[in-house]
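*Asks:* First the structure, then my questions, so here it is.
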Amino acid sequence: MTRILVADDHPLFREALSGALEPYFDNAQILEAGSLDAAVEKLNEFDNVELVLLDLNMPGGEHFNGLITMREQFPNIPVGVISGSDSVEVVAQVMSLGAQGFIPKVSATREMAQAIVDMIAGKRWLPEGMEDELEKVDDELKLLLQRFRELTPKQIQVLSYLRAGLMNKQIAHEMNVTEATIKAHISAILRKLEINTRTQAVLLMDKLQLN
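Per the working numbering, the sequence shown starts with residue 378, numbered consecutively.
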């Protein structure tokens with residue numbers, strides 16, 4: 378049996394994708410999750426999940442946090458990202474963080490099915506022409522992607538709050554930790570990204586098109 382987890386916060390999209398894919402897979406079991414926490418629970422509950430289809434911006438998974446969490450906690454399960462944001466910067470970041478492939482949400486069902494077959498088989502999958510686009514990514518962005526990959530999920534969460542304009546005390550409240558912990562996270566972020574200020578960190582997020 379092929380067991381796939383569809384992790385997306387839109388129930389209609391999950392149901393449509395699940396229903397559309399079933400004809401392409403014999404005895405397929407398609408699990409569904411509407412948040413990052415729910416996806417983690419499903420993966421802990423069910424064995425032998427062969428692929429996670431992950432939306433980039435579902436609750437808890439924003440700013441690539443979902444993909445990073447999946448790769449850290451379930452390194453043996455391939456992750457295919459499905460997203461409406463298919464700029465070369467986003468795809469480059471997704472692939473640099475360990476995704477098996479990237480599927481635009483506008484893809485035809487047959488194309489999605491082929492992508493899933495390839496990713497389950499261990500093959501890298503990207504839309505036609507995207508490999509060539511990735512080759513053109515400038516060296517500055519490649520270096521930034523490499524540095525960004527060193528951040529932990531909590532550090533990325535702190536970055537997202539910084540970008541939203543929250544102060545340390547407010548971020549500490551949102552994350553239910555001390556202000557000293559937030560300061561330590563920010564220091565680590567600046568060190569890993571090789572920058573000096575919070576403003577620079579926000580500008581880098583903008584460059585990466587983190588929505």
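Note that the Cβ used here is the ideal one computed from N, Cα and C, for glycine as well.
The structure displayed is predicted, hence computed values, not measured ones.
#1: So P436 and L413 are supposed to be a Cβ contact under 8 Å. How far apart are they, rounded?
#2: Quick check: the Cα distance between I497 and D463, rounded to an integer number of angstroms?
#3: In chain order, what residues of the same chain have a beta carbon less than 6 Å from the beta carbon of M378, not counting five sequence neighbours either side?
#4: If the criterion is Cβ atoms closer than 8 Å, does the pair L389 and A416 meet it?
#5: Using CA coordinates, which residue listed in D583, E409 and L428 is at the minimum distance from G490?
#6: Return the CA-CA distance between A549 and R487, expressed in angstroms with no decimal places.
#7: Determine contact between the segment 553 to 570 and the segment 517 to 532, defined as no fewer than three beta-carbon pairs at a distance below 8 Å.
#8: At what residue ranges does the segment 509 to 579 contain a whole run of the alpha helix (DSSP H), taking only runs of 4 or more?
#9: In chain order, what residues of the same chain have a beta carbon less than 7 Å from the beta carbon of R540, not counting five sequence neighbours either side?
#10: Just reading off the alpha helix (DSSP H) that G396 is part of, what are its end residues?
#11: Taking the DSSP output, what are the residues bridged to F402?
#12: Would you decide whether L589 is buried or exposed? Buried here means 16 or more other CB atoms lie within 10 Å of its CB.
#13: Taking DSSP as the reference, what is the three-state secondary structure of S460?
#14: For the alpha helix (DSSP H) holding I445, just list the boundary residues, first then last.
#15: What is the DSSP secondary structure of R501, counted as helix, strand or coil?
#16: Could you check the C-alpha separation between M507 and F479 for me, to the nearest Å?
#17: Going by DSSP, what residue range makes up the alpha helix (DSSP H) through A415?
#18: Just tell me which of G411, L430, F441 and K584 has its CA closest to the CA of R380.
#19: Pop quiz: I493 and L474 are said to be a contact at Cβ under 8 Å. What is the actual Cβ separation, rounded to whole angstroms?
#20: Taking F525 as the reference, give the member of E399, K482, F441 and M544 with the closest Cα.
*Replies:* The relevant details are as follows:
#1: 7 Å
#2: Taking C-alpha positions only, I497 is separated from D463 by approximately 22 Å.
#3: N404 and Q406
#4: no
#5: Reading the sequence as shown, one finds Ala at residue 490 and not Gly. Closest option to A490, Cα to Cα, is L428.
#6: 46 Å
#7: These segments touch.
#8: Listed in chain order, they are 516 to 525, 530 to 540, 545 to 552 and 556 to 570.
#9: V579 and M582
#10: P388 to L398
#11: Looking at the DSSP output, F402 sits in no beta bridge, so it has no partner there.
#12: Residue 589 lies beyond the residue range present for the chain, which begins at 378 and ends at 588; the question has no answer from this structure.
#13: strand
#14: N442 to Q450
#15: Under the three-state reduction of DSSP output, R501 falls in the coil class, being neither helix nor strand.
#16: 10 Å
#17: L413 to E422
#18: By alpha-carbon distance to R380, the top candidate from G411, L430, F441 and K584 is L430.
#19: At roughly 19 Å, the Cβ-Cβ gap does not stay under 8 Å, so I493 and L474 are not in contact.
#20: F441
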